[in-house]
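J.: First the structure, then my questions, so here it is.
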Amino acid sequence: MKIPQFIRDTNEFKKLRKLKHEMSDSKNILKDKINSRIEERRRPKRILTKEQMEQINSAILEENNKEVIPEFNETAPLVSIIVVNHNGKHHLSRLLNSFKSISDYYPNYELILIDNASSDDSLDILNKFPEIPVQVIQNKNNESFSYANNQGCEIASGEYLLFLNNDIQPLNGFLNHMMHTILTKDNVGAVGAHLFYPDCSISKINKEKSYTTQHAGIIFKESDGFIKPFNKDNGEEFISQKNKETIPIIAVTAATLLIKKSTFIDVDKFDEKYMYGYEDVDLCLKLHKKGYTNYFNPNAILYHYEFGTQETNNNEDVKNRRLNNKEIFIKKWNTWLRHELLMDKLKSKHIFTDKSLTVAFVVTQSDENTTAGDYFTALTLANKLEEFGWNIKYLAQRPSKSQKNWYYVDEDIDVIISLLDRYDLRKIKSDNGLLIKIAWPRNWFKRWTDAPFFKKYDIILASSQKACDYIQDKTGKKTILYPLATDPEMFNETIPPKEEYSCDYCFTGSYWDAEREIVNCLNPENIAYKFNIYGANWNKISQLKKYHKGFINYEEIPSVYASTKIVLDDANHVTREFGSVNSRVFDATASGKLVLTNGSIGNQELLDGKIPEYHSSEELNELITYYLTHPDEMKNKISELNEIILNKHTYTQRANTLKHVLEEYINRKKIAIKIPVPSWNETHAWGDFYVAEGLEKEFLKQNYEVKIQILPEWNDSGDSIVDMVLVLRGLSKYEPKTQHYNIMWNISHPDMIDTDEYNQYNHVFIASDKWSNHIRKQVNVPVSCLLQCTDPDRFYPEYDEHYKHQLLFVGNSREIYRKILKDLLPTEYDLAVYGANWNNLIDTKYIHGEHIPNKELHKAYSSCDILLNDHWDDMREKGFISNRIFDAVACGACIISDDIDMDNLFNNQVKTYKNPKELDRLIKENLGKKQVYDKNIVQKHSYSNRVERILEVWN
């Protein structure tokens, strides 16, 4: 049932719609969580017997004892071992009992114990170990991990500091291995060790992790927009290895962390804002940014009884502490980390992550027997991308038995490149909030741009400059020239010919019952040379049937080209007018064969017009005959074209271009504009959408990436990759996320916003000078006035007789008799009203339509003598000037509006009235009077101006 517009316009309906949105599970997020929990319950559990645990423990000890321990004598640098303790008597006892693993191998150390107000007689244990040189700091309170360790640094005599948790059990020689790293590597920051779980059978959290890796360094991944640190290889089984290498890594745990004291001080030690969490990762990131390199040494082995410590803490306290630490960490590091994580994958450095970039191609079918050419295009490019160390996957519309539905995008996929216009981005299910979506149209450009989800692509590539211009003009999306190409390793002049493919000229390509010019131009009966045609369905064409050699697998195409002299190209009807060049042109030329084409635009654009062209049967016959009878001319032409192809059009060059495009995208700052529109199908009826489009266009000019998100998308992971969120606050409330710089632009419904909501933002803009002054005094965040504005490219003077009226009013009624019409009617003037739900309120003779398309509005404003405007009561009272006034001023219209404070804004182009008598007078005075169009006023109130102000605040 279609809900009437007057009901949709009510506040009650909007509140219900908002509630529905908040309760909906449109992307099955809740369903997936439930399914995940069910799968977890069904998963076979790792439960070890005592005997199995003893075997693994013995293997770890044996491995450690096999390692050659670097030797140090009495001249070794002094290491201050700093241990923080709070009621950890049993942990401290285990640690000190294991100190021979240090003292028997490393001769020069001191122990500094910081006791945080223990009440379990922890310090009495020290009396049992008189041989250990120890200093004690006794705190009266349970200080933070950061503060206590920094205290230890203050009194440390050592040149080097080893931060060691009290719940550690070290194995022989671990410190020697770590010191060897810090003394032999250049510019070392922190050095971390290989930590294993002990027997965890009594643990609630880590029950299945007995004698597995607990820490092999710290790396990062994205999780709901948070670039989250986690222990590398956590839970991985122990595997005996020889020649284990020390590797650079972004971070290591402070459970066992070695650092030079001067280096520790150089980066201001541990940040004391943290309370038992993230301080070690924070330290390592500071070291990295300062130019130091952190290392993980796999030969330094210790057991970490972390689970025992964590599970004795008060759960609620731990939860609150972690949330606070996380918020501090996100504010400080998240934006930078997101960039570094993506760049690390792109360049396969494996410092921030152990994964390289994973690219998935969206294709019809990822099967070498497919007749769909998109797969072979993807495959050839993919082979070159793999040379970067990247991983390749395929999302197939027709999946094999081993493939999932193509909308299920694995969380390890970082980039999807869609070669198909029918791939609906709205249906994607992915847990990777940083997923980069690339469209690569090579044909059917109108279908691509007509898709309602097309603007959701982050990057647009297109196979010709004309296609780039078309896409950019139609959508406003920057489009990058990215033609097809060839792989010279596959297509070259050294491929031997095969007798079964031998001919003088050939064509490769299928017939799909669509118009092909080659069908009309080609008649092999009229040429005295051998012809072969390869592909699907040519048996349907009578004059070509006997030359049809069937469909050829892509891997055989190099042999086909090696076995002929001339390859015909037919730019089909969906690519010819856009100049998109087919892969056969690149492949055949790289194979040392002459190509004849009917694609003039692509020939001129990519090959300087040097390919011989045909546009009729006679021209084709003449070209074939000429070049087959003039081998020297053919050789020269091939050489000329081959040089262009190999210099400009190989997939190695395309791969490098794609890498550069991705790097530029990652480096650009990104903005999400959130609008309260309930669905993409309703955007045309919401002014907020056109505001967002106007802002988007100007941000793009400033080289920012922009996402427009409608209401159902506000809280999904689509904004994980952005730096700043701009909320057009009208009807719906948004909950800002810590990882973003959040800006509110309150353009309507000011009564729905309280001070707590304002205070959630980094900056608040209000589209009213009066109301911004009022709110500024009540909140704790910066508040600025930012009036609404106009787009001079969309709103400008253009007369249209169709909209010629004395008076014009544009606006919906919401079943309310609007003020200015109530003050005016009845009238003898030629009044035209456009808007919904006026039939029961005013005489139908005034009603000229329910809607003026946005692209026509400027004509309507330009062509009336006077545009009438009014404001809803709350907007008028609080000084929110209607966006219609800004648009109409840009069209040079004379405007009469209800009284609102804007006397000095528009140079008398807008007249205001207080009562019906004043309205009548103003109409009489201004009918037929020519208005002065002031470009300066329009520019002052343009999106360009507003974007400059927003960027000024943000940057």
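Take 144 as the starting number for the sequence shown in my numbering and just add one per residue. All residues carry an ideal CB built from backbone N, CA and C; glycine is no exception.
(1) Ignoring anything shorter than 3 residues or poking outside the region 486-519, list the beta strand (DSSP E) runs there in chain order.
(2) I need the boundaries of the beta strand (DSSP E) containing W888, first residue and last residue.
(3) Among the residues of its own chain, which have a CB less than 7 Å from the CB of I134, if the five just before and after it don't count?
(4) Cutting at 6 Å between CB atoms, please list the residues of its own chain near V1096, excluding the five before and the five after it.
(5) What is the residue span of the beta strand (DSSP E) that Q281 lies within?
(6) Tell me where the beta strand (DSSP E) around F363 begins and ends.
(7) I'd like the list of long-range same chain contacts for I670, defined as Cβ closer than 7 Å, with 5 residues on each side in sequence excluded.
(8) Relative to the alpha-carbon of I224, which residue among V211, I255, N208 has its alpha-carbon at the smallest distance?
(9) Excluding the five sequence neighbours on either side, which residues of its own chain have a C-beta within less than 7 Å of the C-beta of D497, listed in chain order?
(10) Measuring CB to CB, does L1011 end up less than 8 Å from I1039?
(11) Cα separation between F650 and D616?
(12) Residues in the same chain with beta-carbon distance under 7 Å from R1019, minus the five sequence neighbours each way, listed in chain order, please.
(13) With 16 other CB atoms within 10 Å as the buried threshold, where does Y625 fall?
(14) Relative to the alpha-carbon of L951, which residue among D414, K1021, A1036, K580 has its alpha-carbon at the smallest distance?
(15) Quick check: the Cα distance between L964 and L484, rounded to an integer number of angstroms?
(16) Per DSSP, M867 forms a beta bridge with which residues?
(17) Taking 6 Å as the limit between beta carbons, can you name the residues of its chain near M144, skipping five residues before and five after?
(18) If the criterion is Cβ atoms closer than 8 Å, does the pair A731 and Y704 meet it?
(19) Give the DSSP-derived three-state secondary structure of D1041 in the structure shown.
(20) To which residues does DSSP link Q903 through a beta bridge?
(21) Using the Cα positions of D247 and I556, report the straight-line distance between them to the nearest angstrom.
(22) Quick one: what's got a C-beta closer than 8 Å to W533's C-beta in the same chain, skipping five residues either side?
(23) Give me the residue from K736, K598, T396 with the minimum Cα distance to I700.
(24) Reducing DSSP to helix, strand and coil, say where C928 ends up.
(25) Any idea which residues DSSP pairs D258 with across the strands?
(26) Distance check for K1083 and Y1004, CA to CA, integer angstroms please.
(27) Output the distance between the C-alpha atoms of N120 and T933, rounded to the nearest integer angstrom.
(28) Cα separation between H991 and R961?
(29) In the DSSP output, which residue or residues are listed as bridge partners for C649?
(30) Would the beta-carbon of M418 fall within 8 Å of that of N467?
(31) Please identify the residue among T622, T618, N666, S706 whose C-alpha is closest to the C-alpha of P640.
(32) Which residues in the same chain as K791 place their Cβ atom closer than 8 Å to its Cβ, once the five residues preceding and following it in sequence are excluded?
(33) Is it the case that the region 817-836 contacts the region 871-891, given that we only count it when at least three CB pairs across the two stretches are under 8 Å?
(34) Measure the C-alpha to C-alpha separation of C611 and Y600 and round it to an integer number of angstroms.
(35) Report buried or exposed for R481, applying the criterion of at least 16 other Cβ atoms within 10 angstroms of its Cβ.
T.: The structure says:
(1) 501-506
(2) For the purposes of this step, residue 888 is identified with residue 745 of the sequence shown, where counting begins at 1. W888 -> beta strand (DSSP E) spans 884-889.
(3) Outside the displayed range of the chain (144 to 1098) lies residue 134, so it cannot be described from this structure.
(4) Translated into positions along the sequence shown, residue 1096 becomes position 953. H906, listed in sequence order.
(5) Mapped onto the sequence shown, residue 281 falls at position 138. Segment 277-282, the beta strand (DSSP E) holding Q281.
(6) Counting from 1 along the sequence shown, the entry for residue 363 is found at position 220. Judged by DSSP secondary structure, F363 falls within the beta strand (DSSP E) whose first and last residues are 361-366.
(7) Here residue 670 refers to the residue found at position 527 of the sequence shown. Within the same chain, I670 has close Cβ partners N764, I767, T768.
(8) By 1-based counting over the sequence shown, the position of residue 224 is 81. Ranking V211, I255, N208 by Cα distance to I224 puts I255 first.
(9) Taking the first residue of the sequence shown as 1, we reach residue 497 at position 354. Within the same chain, I362, K375 come within 7 Å of D497 by CB-CB distance, once the 5 residues on both sides are set aside.
(10) As a working note, residue 1011 is residue 868 in the sequence shown. As a working note, residue 1039 is residue 896 in the sequence shown. Closer than 8 Å, so yes.
(11) Mapped onto the sequence shown, residue 650 falls at position 507. Mapped onto the sequence shown, residue 616 falls at position 473. So the two alpha carbons sit approximately 35 Å from each other.
(12) For the purposes of this step, residue 1019 is identified with residue 876 of the sequence shown, where counting begins at 1. Close CB contacts of R1019 within its chain, under the 7 Å cut and outside five residues either way in sequence, are with D1041, I1043 (chain order).
(13) The residue you call residue 625 lines up with position 482 of the sequence shown. Flag for Y625 reads buried.
(14) To locate residue 951, count along the sequence shown from 1; it is residue 808. Scanning D414, K1021, A1036, K580 for the CA closest to the CA of L951 turns up A1036.
(15) Within the sequence shown, the letter at position 821 stands for residue 964. Within the sequence shown, the letter at position 341 stands for residue 484. Cα to Cα, the separation comes out at about 58 Å.
(16) Residue 867 sits at position 724 when you count from the first residue of the sequence shown. Answer by DSSP bridge pairing, in chain order: I814, Y884.
(17) Taking the first residue of the sequence shown as 1, we reach residue 144 at position 1. No answer about M144 holds up, because its pLDDT of 43 lies below 50 and its placement is not dependable.
(18) What you label residue 731 is simply residue 588 of the sequence shown in a count that begins at 1. What you label residue 704 is simply residue 561 of the sequence shown in a count that begins at 1. It is a contact, given that the beta carbons lie within the stated cut-off.
(19) Within the sequence shown, the letter at position 898 stands for residue 1041. Note: D1041 maps to strand in three-state DSSP.
(20) In the sequence shown, counting from the first residue as 1, residue 903 sits at position 760. The bridge partners DSSP lists for Q903 come to none.
(21) As a first step, residue 247 is located in the sequence shown; it is residue number 104 there, counting from the start. As a first step, residue 556 is located in the sequence shown; it is residue number 413 there, counting from the start. In a straight line, the C-alpha of D247 is about 49 Å away from that of I556.
(22) Against the sequence shown, residue 533 aligns to sequence position 390. Only S491, S499, L500, T501, V502 meet the Cβ criterion.
(23) Position 557 of the sequence shown, counted from the start, is the residue given in the question as residue 700. Selected option, being the one with the closest Cα: K736.
(24) Taking the sequence shown and counting its residues from 1, the one referred to as residue 928 is at position 785. Of the three classes helix, strand and coil, the one that applies to C928 here is strand, per DSSP.
(25) Mapped onto the sequence shown, residue 258 falls at position 115. N228, Q281, per the DSSP bridge assignment.
(26) Residue mapping note: residue 1004 aligns to position 861 of the sequence shown, counting from 1. Residue mapping note: residue 1083 aligns to position 940 of the sequence shown, counting from 1. In a straight line, the C-alpha of Y1004 is about 20 Å away from that of K1083.
(27) Given that the chain is displayed from residue 144 to residue 1098, the structure contains no residue 120 and the question cannot be resolved.
(28) For the purposes of this step, residue 991 is taken as residue 848 along the sequence shown, with counting starting at 1. For the purposes of this step, residue 961 is taken as residue 818 along the sequence shown, with counting starting at 1. In a straight line, the C-alpha of H991 is about 17 Å away from that of R961.
(29) If you number the sequence shown from 1, residue 649 lands on position 506. N675, V710.
(30) Counting from 1 along the sequence shown, the entry for residue 418 is found at position 275. Counting from 1 along the sequence shown, the entry for residue 467 is found at position 324. Going by C-beta atoms, M418 is nearer than 8 Å to N467.
(31) Working through the sequence shown from its first residue, we reach residue 640 at position 497. P640 has its Cα closest to that of S706, out of T622, T618, N666, S706.
(32) Counting from one through the sequence shown, the residue named residue 791 turns up at place 648. The residues are L749.
(33) yes
(34) If you number the sequence shown from 1, residue 611 lands on position 468. If you number the sequence shown from 1, residue 600 lands on position 457. Going from the Cα of C611 to the Cα of Y600 covers about 15 Å.
(35) By one-based count along the sequence shown, residue 481 stands at place 338. Buried, since its Cβ has 16 or more Cβ neighbours within 10 Å.
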